[in-house]
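Numbers 39 to 158, taken from the working numbering, label the letters of the sequence shown in order. Scroll down for the structure; my scribbles are underneath it.
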Amino acid sequence: DLNNEDVKEHVECSNHGFCGSDGQCQCHSGWYGKACSENLDSDDVALHAAEGPFFSGTLLRLRATRPPDTSFSVIAASSAGIPTFVVRGNGDMQVSGSVSIQGELSVLSDVRIDGGLLLR
């Protein structure tokens, strides 16, 4: 019986996926890379960069064809299932936590704070 501790057993796709018909690993959720051996979740999921020095367009445009309404959200962000930032279809915005503004803030309509204080 031959036993060599330096020889590693081959495990398909690092045991975090399966080999597809094209010979490439198909990784389980949360695993990445050619061998499904990476699980680093600190990378950006969606990054849109305007790298040209003269960029003057719109980096991200979200468009809904239906009329403005509170029955849908244009943006809904959450962490651990808790809503953190929501922009409703009518433009209303909800932010959980603090808001920091650097620079000038222009208010073109009423401001309601904590559902009670109204600034005009």
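Each residue gets a CB set at the ideal place from its N, CA and C atoms; glycine is no exception. The structure presented is a predicted model; accordingly, all values stated were derived computationally and were not measured.
6 Å CB neighbourhood of residue i in its chain, flanking five on each side removed
i	result
M131	V125
A114	V124
Contact belief for residue i with residue j at Cβ below 8 Å, rounded distance in angstroms
i	j	result
G127	V112	6 Å
S59	S75	So it is not a contact: roughly 21 Å between Cβ atoms.
Beta carbon of residue i nearer than 8 Å to that of residue j
i	j	result
T122	S134	yes
H66	H54	yes
Residues near residue i by beta carbon distance below 8 Å, same chain, minus five either side
i	result
G119	none
F56	E50, C63 and Q64
H102	In the sequence as presented, His is not what sits at residue 102; that position holds Ala. Answer for A102: F110, V112 and G127, listed in chain order.
Straight-line Cα distance separating residue j from residue i
i	j	result
L98	D107	21 Å
E50	L100	41 Å
L144	Q64	Here residue 144 turns out to be Ser, not Leu, going by the sequence shown. C-alpha separation (whole angstroms): 49 Å.
S117	G61	36 Å
A87	G141	23 Å
P105	K72	45 Å
I151	I139	16 Å
Cβ shell of residue i (< 7 Å), same chain only, five flanking positions each side left out
i	result
G236	Since the displayed the chain opens at 39 and closes at 158, residue 236 lies outside it and no answer follows.
Starting from the N-terminal side, write out each stretch of the beta strand (DSSP E) that is 3 residues or longer and does not extend beyond the region 51-128. 55-57, 63-65, 111-117 and 120-126
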